[in-house]
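S.K.: Before anything else, here's the structure in question.
Numbering (our numbering), first residue to last: 1 to 111.
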């Protein structure tokens, strides 16, 4: 896989330098507490990290590949709309963790 995000019939987007293009997971919107209370996506919560899928990576990115799940802070992002989809641009240094099948060293935790 290359570091180019592609959409059928659209121009490809090449991420530059150490940038990562990320799509948020759908389930990171509304969620339920352990007591069953629905918490809307707009609710202010103490600094909560979120998971997303890497859609494109720049040439300077070493640890993240297209398709990897990445953990990051919503405060360290720049939102952009590409072909009607809300995406986020991050620097690689703003990614806290990577989840992928190719990772050899493991913490013992799995998604």
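Every residue gets a Cβ at the ideal spot worked out from N, C-alpha and C, and that includes glycine.
According to DSSP, is residue 92 helix, strand or coil?
M.R.: What you label residue 92 is simply residue 92 of the chain shown in a count that begins at 1. Three-state DSSP puts residue 92 in a helix.
S.K.: At which residues does the beta strand (DSSP E) containing residue 19 begin and terminate?
M.R.: On the chain shown, position 19 is the one that residue 19 refers to. Taken as a continuous stretch (DSSP letters only), the beta strand (DSSP E) holding residue 19 covers 19-24.
S.K.: Name the DSSP beta bridge partners of residue 56, please?
M.R.: If you number the chain shown from 1, residue 56 lands on position 56. Paired residues: 21.
S.K.: Rounded to the nearest angstrom, what separates residue 103 and residue 70 at their Cα positions?
M.R.: Position 103 of the chain shown holds residue 103. Position 70 of the chain shown holds residue 70. Straight-line Cα distance between these residues: approximately 13 angstroms.
S.K.: Rounded to the nearest angstrom, what separates residue 78 and residue 18 at their Cα positions?
M.R.: Counting from one through the chain shown, the residue named residue 78 turns up at place 78. Counting from one through the chain shown, the residue named residue 18 turns up at place 18. C-alpha separation (whole angstroms): 14 angstroms.
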